[in-house]
Amino acid sequence: MRLTTQAFGIEFQNPVLLAAGTCGFGLELIDVLDIEALGGFVTKSITLEPRSGNPAPRVTEFDSGMMNSVGLANPGMVGARNEKLPWIAANVRRARVLVSVAGHTVDEYFQLIEGLDPSDGFAGFEINLSCPNDARRDGIPFALDPDAVTEIMSGCRARTERPISAKLAPNDPSLGMTVRRAEEAGADAITLVNTLPGLLLDADSGEPRLGQGAGGVSGPALRPAGIRAVREARASTALPLLGVGGVFAPEDAVAYGRAGASLVQMGTATFAAPRAATDLISGLERWGRRHGVEAWDDLRERTGEEAG
Ligand SMILES: Cc1cc2nc3c(=O)[nH]c(=O)nc-3n(C[C@H](O)[C@H](O)[C@H](O)COP(=O)(O)O)c2cc1C
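In terms of this note's numbering, the sequence shown opens at residue 143 and continues consecutively.
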């Protein structure tokens with residue numbers, strides 16, 4: 143199966159990206175994975191100030207996935223600009239990099255775009271509007287406030303000519319409307335989905351299994367929510383969609399493609415198997431050969447015809 147694809151004006155050598163927060167800034171992975179073989183990766187979300195993150199434990203497993211409450215631990219805008227982005231500019235050639243940004247306030251998003259846009263080496267921004275672990279916002283992401291979505295996306299649009307993708311939440315009862323608001327405000331793409339808010343309690347003590355209390359669910363348990371969100375978004379917009387949530391096997395990526403995703407992102411799968419993303423790329427080629435599908439892009443076109 144031919145895997146090269148174009149989305150929001152960028153050529154990707156294949157549709158497989160690593161998801162925000164699961165691959166640091168790329169250099170953390172060079173000993174375990176050939177990042178240049180990937181379609182690309184999304185950086186850890188960068189906040190204005192450095193953050194050390196939430197109390198441990200920050201990650202816990204359960205039978206169908208994982209929960210995390212990392213709390214956006216990152217070196218902050220200046221640290222990322224001085225220490226992380228120069229490495230990407232010097233070392234990443236073929237993989238396409240999206241820089242993820244997350245603000246506590248609307249204005250922080252604008253400062254982040256203004257501060258990071260002059261740097262080299264990345265293709266676009268992913269605007270994280272949907273982090274469920276931001277204690278300062280009490281777990282209520284901007285993605286669930288349509289006016290905030292409009293304000294943040296239009297302000298980011300005015301501050302960069304690079305493509306911008308809005309990363310939205312899986313627990314949005316009006317997802318189609320949120321997608322349209324993001325598009326009207328100037329988004330070039332939509333990333334779906336971030337983690338789903340959840341809570342695991344220890345049966346003996348009744349204490350939360352994560353230091354912060356609640357957290358975000360990822361992995362196989364999130365897959366149906368992600369695929370549904372992509373399909374729902376596809377009905378509301380013609381923008382490219384980036385599907386994320388429980389992508390482990392080639393069939394999972396294909397399902398996202400059939401739902402309407404141009405690209406997929408992988409997160410939790412890489413914690414169990416660091417090379418899961420490169421395995422997925424070769425698995426997709428094999429899947430295409432077995433099923434007589436010539437190109438990744440054909441999956442989406444077929445969905446369009448089916449949808450009538
Ligand atoms: C440990 C961890 C940290 C994450 N950090 C971020 C982040 O900084 N920004 C963001 O937009 N999403 C973050 N996410 C969410 C992922 O990018 C992705 O949306 C989610 O995990 C679903 O994909 P998956 O099931 O393949 O892991 C994080 C997820 C995990 C598991």
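Idealized CB from N, CA, C, for every residue including glycine.
{"query": "Exposure of Asp289, with buried meaning 16 or more beta-carbon neighbours within 10 Å", "result": "exposed"}
{"query": "The region 232 to 246 contacting the region 263 to 277, beta-carbon criterion three pairs below 8 Å", "result": "yes"}
{"query": "Residues of its chain near Gly357, where Cβ-Cβ distance is below 7 Å and the 5 sequence neighbours each way are ignored", "result": "Met209, Asn210, Ser211, Asn275 and Gly340"}
{"query": "Residue from Gln354, Glu303, Leu405 and Ala419 with nearest C-alpha to Val335", "result": "Leu405"}
{"query": "Thr333 and Ala308 closer than 8 Å at C-beta", "result": "yes"}
{"query": "Close beta carbons around Gln253, own chain, < 7 Å, minus the five adjacent residues each side", "result": "Leu190"}
{"query": "Heavy atom of ligand 3 within 7 Å of Ala415 beta-carbon", "result": "Of the ligands one can find in the structure shown, namely ligand 1, none is ligand 3."}
{"query": "Top-ranked residue by Cα proximity to Leu258, from Ser187, Leu317 and Ala215", "result": "Ser187"}
{"query": "The region 305 to 323 touching the region 369 to 382, judged by at least three CB pairs closer than 8 Å", "result": "yes"}
{"query": "Under 8 Å between C-beta atoms of Pro228 and Pro192", "result": "no"}
{"query": "Beta-bridge pairing of Met408 - partner residues as DSSP gives them", "result": "Leu160"}
{"query": "Candidates Arg323, Ile423, Thr302 and Leu352, of which the one nearest Ala198 by Cα", "result": "Leu352"}
{"query": "Contact set for Asn270: own chain, Cβ-Cβ below 6 Å, skip 5 residues either direction", "result": "Ser187, Ser242, Ala244 and Lys309"}
{"query": "Inter-residue Cα distance where the pair is Ala161 and Pro362", "result": "15 Å"}
{"query": "Cβ neighbours of Arg323 in the same chain (closer than 8 Å, five flanking residues each side left out)", "result": "Pro288, Val291, Thr292 and Met295"}
{"query": "3 or more residues per run - each beta strand (DSSP E) lying fully within the region 282 to 310", "result": "306 to 309"}
{"query": "With 16 other Cβ atoms within 10 Å as the buried cut-off, status of His347", "result": "It is Ser, not His, that sits at residue 347 in the sequence shown. By the neighbour-count rule (16 or more Cβ atoms within 10 Å), Ser347 is not buried but exposed."}
{"query": "Ligand 1 heavy atom lying under 7 Å from the CB of Ser206", "result": "no"}
{"query": "8 Å Cβ cutoff met for Arg144 and Ala437", "result": "yes"}
{"query": "Residue ranges of each alpha helix (DSSP H) within the region 177 to 239, 4 or longer", "result": "218 to 221 and 227 to 233"}
{"query": "Delimiting residues of the alpha helix (DSSP H) encompassing Glu488", "result": "For residue 488 there is no data in the structure shown, the boundaries of the chain being 143 and 450."}
{"query": "Beta-carbon gap between Thr410 and Ser360 smaller than 8 Å", "result": "yes"}
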